[in-house]
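Novice:
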Amino acid sequence: MNAEFFEALNLLEKERGISGEYLLEKIKNALMIAVKKDYDVEDENVQIDIDPVTAKFSVSLVQDVVEEVVNPHTQLSLAEAQERRKTYNIGDRVITPLKTKEIGRIAAQTARHVIRQGIREAERSQLYADMQSKAHELVTATVTRVDDKKGIVSLDMGKGEAILPKNEQLPNDEFFEGQHVKVYISDVTVTERGPRILISRTHSGMVKRMFEMEVPEIFEGTVEIKAISREPGVRTKIAVASKDPNVDPVGACIGSHGARVGNIVEELGGEKIDVVPWNEDPTIFIAAALSPAKVLKVEVLDEESRACRVTVPDQQLSLAIGNKGQNARLCARLTGYNIDIRPESGYYGEEEESAEEN
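Each residue of the sequence shown is one higher than the one before, counting from 56 in the numbering used here.
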């Protein structure tokens with residue numbers, strides 16, 4: 056524990072960003088435990104002084120002056136005490152510095168262990184803080200390993216590694232080592248092994264962030280994304296509104312000749328994207344959200360339960376419902392309404408049943 060040691064601590068603080076005070080406190084606590092164990096004493100019998108200003112430290116035993124010594128580490132006879140200072144009496148406490156040789160081995164081993172542990176903890180903390188700041192953001196990672204058997208992909212996030220599970224991948228995703236892939240950081244959690252980064256390519260937040268990066272009007276706040284509903288790899292519906300009456304929110308998102316939305320579709324492997332205008336009036340919003348189908352009428356049946364009936368031309372019924380109900384399902388999620396879609400002519404036998412009820 057000399058000047059070189061304190062210089063090493065200062066170097067760690069500069070290069071790794073680890074507080075010297077933090078490491079010294081760790082070393083002090085660890086030394087306390089080591090000395091207590093080695094000398095079979097309690098906290099009150101150990102005094103540790105570390106001064107980074109003078110680059111000196113001392114470890115001492117605090118001993119009680121007694122008539123009869125039972126434990127030579129914690130007690131001192133009156134005769135021994137008065138050899139040091141004649142004014143000592145029974146009941147006084149004497150500070151006895153430990154010799155460097157006695158504590159050198161303990162101190163060196165403890166310091167090495169604490170510094171290694173401190174570096175690991177600090178790096179984990181820094182990594183967590185760095186990743187936490189990127190939570191709910193879109194990042195580009197590098198594929199380091201592809202496990203075809205388990206279907207998982209390992210990615211280098213720049214500072215740390217993350218696993219992309221099969222259920223967080225798009226149906227048509229194909230990966231190879233060295234590939235650069237956009238992923239969405241859905242969460243960052245703390246584990247015993249350090250921070251765990253949860254990533255996804257199926258999360259709705261990924262589409263939102265991609266539009267924010269691709270469309271300047273969204274990034275600047277002129278156009279706002281009000282809602283998103285997504286079936287990953289197949290279709291996404293996104294509702295947008297403009298704070299500026301002179302800016303068309305749908306047009307801004309689609310871009311000239313569909314360039315902006317086209318870039319996003321390409322990145323998502325051909326996933327279809329419907330950009331629709333958001334409206335406070337649910338009847339107008341629902342009609343727009345059922346795109347590409349044309350809607351003749353929207354009736355809100357119950358505002359409390361958010362139920363509505365939508366009428367479409369007969370030949371548009373299958374388009375409004377979509378393949379396996381996909382279009383209707385995405386529309387319902389986007390608007391928050393339970394939607395009953397009916398053809399203009401009504402279902403067969405519906406009019407007769409209605410007449411009988413009346």
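Glycine is no exception: its CB is placed at the ideal position from the N, C-alpha and C atoms. Here the structure is a predicted model, which means the values were calculated and not measured.
#1: Just to confirm before moving on: does the CB-CB distance between His292 and Glu279 stay below 8 angstroms?
#2: DSSP three-state call for Phe61: helix, strand or coil?
#3: Quick check on this structure: which residue in Ser115, Gly313, Val208, Lys263 has the alpha carbon closest to the alpha carbon of Leu193?
#4: Is the distance from the Cβ of Glu216 to the Cβ of Thr199 below 8 angstroms?
#5: Which runs of the alpha helix (DSSP H), 4 residues or longer, sit entirely within the segment 195 to 234?
#6: Using the rule of at least 16 other Cβ atoms within 10 Å of the residue's Cβ for burial, across every protein chain shown, is Arg315 buried or exposed?
#7: Nearest to Gly276 by alpha carbon, out of Val108, Lys91, Pro304?
#8: Suppose you measure from the CA of Asn301 to the CA of Glu326; what does that come to, to the nearest Å?
#9: Ignore the nearest five residues each way along the sequence and tell me which others in Gly324's own chain have a CB closer than 6 angstroms to its CB.
#10: Exposed or buried, Ala134, counting other C-beta atoms within 10 Å across all chains shown (16 or more means buried)?
#11: What are the complete beta strand (DSSP E) segments, minimum 3 residues, inside the segment 125 to 151?
#12: Specify, as a first and last residue, the run of the alpha helix (DSSP H) that Glu93 falls within.
#13: I need the boundaries of the beta strand (DSSP E) containing Asn393, first residue and last residue.
#14: So Val320 is in the alpha helix (DSSP H); what residue range does that whole segment cover?
#15: Below 8 angstroms between beta carbons: does that hold for Val367 and Glu399?
#16: May I ask which residues mark the beginning and end of the alpha helix (DSSP H) holding Gly260?
#17: Should Ser255 be labelled buried (16 or more other beta-carbon atoms within 10 Å of its own) or exposed?
#18: Mapping the DSSP letters down to three states, classify Val236 as helix, strand or coil.
#19: Suppose you measure from the CA of Leu45 to the CA of Lys111; what does that come to, to the nearest Å?
#20: For Ala136 and Gly72, I'd like the C-alpha separation in whole angstroms.
#21: Taking 8 angstroms as the cut-off, decide whether the C-beta atoms of Thr151 and Gln172 are in contact.
#22: Rounded to a whole number of angstroms, what is the C-alpha to C-alpha distance between Gly288 and Leu67?
#23: Here's the rule: buried if 16 or more other CB atoms are within 10 angstroms of the residue's CB, otherwise exposed. What is Pro347?
#24: With a threshold of 16 other CB atoms inside 10 Å of the CB of Val90, please say whether the residue is buried or exposed.
#25: Please identify the residue among Ile82, Phe266, Lys379, Thr195 whose C-alpha is closest to the C-alpha of Gln234.
#26: Where does Ala348 fall in DSSP's three states?
#27: Which class does Leu116 belong to by DSSP, given the choice of helix, strand or coil?
#28: Residues in the same chain with beta-carbon distance under 6 angstroms from Val267, minus the five sequence neighbours each way, listed in chain order, please.
#29: Determine the extent of the beta strand (DSSP E) in which Leu253 is found, giving its start and end residues.
#30: Ordered along the chain, which non-local residues of its own chain (more than five positions away) have a Cβ less than 7 angstroms from that of Gln181?
#31: When the Cα atoms are used, what is the spatial distance from Ile341 to His312?
#32: Using DSSP with H/G/I as helix, E/B as strand and the rest coil, what is Pro304?
#33: If you count every other CB in all the chains shown that lies within 10 Å of the CB of Asp329, and 16 or more means buried, which is it?
Specialist: The answer reads as follows:
#1: Position 237 of the sequence shown, counted from the first residue, corresponds to residue 292. Position 224 of the sequence shown, counted from the first residue, corresponds to residue 279. Residue identity differs from the one stated: residue 292 is Lys in this sequence, not His. No; because the gap between Cβ atoms is not below 8 angstroms, this pair is not in contact.
#2: By one-based count along the sequence shown, residue 61 stands at place 6. It is helical.
#3: Numbered from its first residue, the sequence shown carries residue 193 at position 138. The candidate whose alpha carbon is nearest that of Leu193 is Lys263.
#4: As a working mapping, residue 216 is identified with position 161 in the sequence shown. As a working mapping, residue 199 is identified with position 144 in the sequence shown. A contact, by the Cβ cut-off of 8 angstroms.
#5: none
#6: As a working mapping, residue 315 is identified with position 260 in the sequence shown. With 16 or more Cβ atoms within 10 Å of its Cβ, Arg315 is classed as buried.
#7: As a first step, residue 276 must be located in the sequence shown, where it is residue number 221. When only C-alpha atoms are compared, the closest one is Pro304.
#8: Taking the sequence shown and counting its residues from 1, one reaches residue 301 at position 246. Taking the sequence shown and counting its residues from 1, one reaches residue 326 at position 271. When rounded, the distance between both Cα atoms is 30 angstroms.
#9: Along the sequence shown, read from residue 1 onward, the residue named residue 324 stands at position 269. Excluding residues within five positions, the ones whose Cβ falls inside 6 angstroms are Leu225, Asn227.
#10: Here residue 134 refers to the residue found at position 79 when the sequence shown is read from its first residue. The residue in question, Ala134, is exposed, as its Cβ has fewer than 16 Cβ neighbours within 10 Å.
#11: 130 to 132
#12: Against the sequence shown, residue 93 aligns to sequence position 38. Reading off the sequence shown, one finds Asp at residue 93, where the question assumed Glu. Element bounds for Asp93: 75 to 94.
#13: Numbered from its first residue, the sequence shown carries residue 393 at position 338. Element bounds for Asn393: 393 to 398.
#14: Position 265 of the sequence shown, counted from the start, is the residue given in the question as residue 320. It spans 314 to 322 - the alpha helix (DSSP H) in which Val320 sits, taken as one unbroken run.
#15: As a position in the sequence shown, residue 367 is number 312, starting the count at 1. As a position in the sequence shown, residue 399 is number 344, starting the count at 1. Contact: yes.
#16: Locating residue 260 in the sequence shown gives position 205, where the first residue counts as 1. Note, Gly260: alpha helix (DSSP H), 259 to 269.
#17: As a working mapping, residue 255 is identified with position 200 in the sequence shown. Ser255 comes out buried.
#18: Taking the first residue of the sequence shown as 1, we reach residue 236 at position 181. If DSSP states are grouped into helix, strand and coil, Val236 belongs with the strands.
#19: The structure shown does not extend to residue 45, since the chain spans only 56 to 413, so no value can be given for it.
#20: Counted from its first residue, the sequence shown places residue 136 at position 81. Counted from its first residue, the sequence shown places residue 72 at position 17. Their Cα atoms are separated by approximately 46 angstroms.
#21: Within the sequence shown, residue 151 is the residue found at index 96, counting from 1. Within the sequence shown, residue 172 is the residue found at index 117, counting from 1. No.
#22: Taking the sequence shown and counting its residues from 1, the one referred to as residue 288 is at position 233. Taking the sequence shown and counting its residues from 1, the one referred to as residue 67 is at position 12. Taking the straight line joining both Cα atoms gives about 47 angstroms.
#23: Walking along the sequence shown from the start, residue 347 turns up at place 292. With fewer than 16 Cβ atoms within 10 Å of its Cβ, Pro347 is classed as exposed.
#24: For the purposes of this step, residue 90 is taken as residue 35 along the sequence shown, with counting starting at 1. Label assigned to Val90: buried.
#25: Walking along the sequence shown from the start, residue 234 turns up at place 179. For the residues Ile82, Phe266, Lys379, Thr195, the minimum Cα distance to Gln234 belongs to Thr195.
#26: Taking the first residue of the sequence shown as position 1, residue 348 is located at position 293. Reduced to three states, the DSSP call for Ala348 is coil.
#27: Position 61 of the sequence shown, counted from the start, is the residue given in the question as residue 116. Of the three classes helix, strand and coil, the one that applies to Leu116 here is strand, per DSSP.
#28: Along the sequence shown, read from residue 1 onward, the residue named residue 267 stands at position 212. Note that residue 267 corresponds to Glu in the displayed sequence, not to Val. So the list reads Ile273, Phe274, once near-sequence residues are dropped.
#29: For the purposes of this step, residue 253 is taken as residue 198 along the sequence shown, with counting starting at 1. Unbroken beta strand (DSSP E) run through Leu253: 249 to 255.
#30: Position 126 of the sequence shown holds residue 181. Only Gly72 meet the Cβ criterion.
#31: Within the sequence shown, numbered from 1, the residue matching residue 341 stands at position 286. Within the sequence shown, numbered from 1, the residue matching residue 312 stands at position 257. Using only the alpha carbons, I get a separation of about 26 angstroms.
#32: As a working note, residue 304 is residue 249 in the sequence shown. Three-state result, Pro304: helix.
#33: Your numbering for residue 329 matches position 274 in the sequence shown. Burial call: buried.
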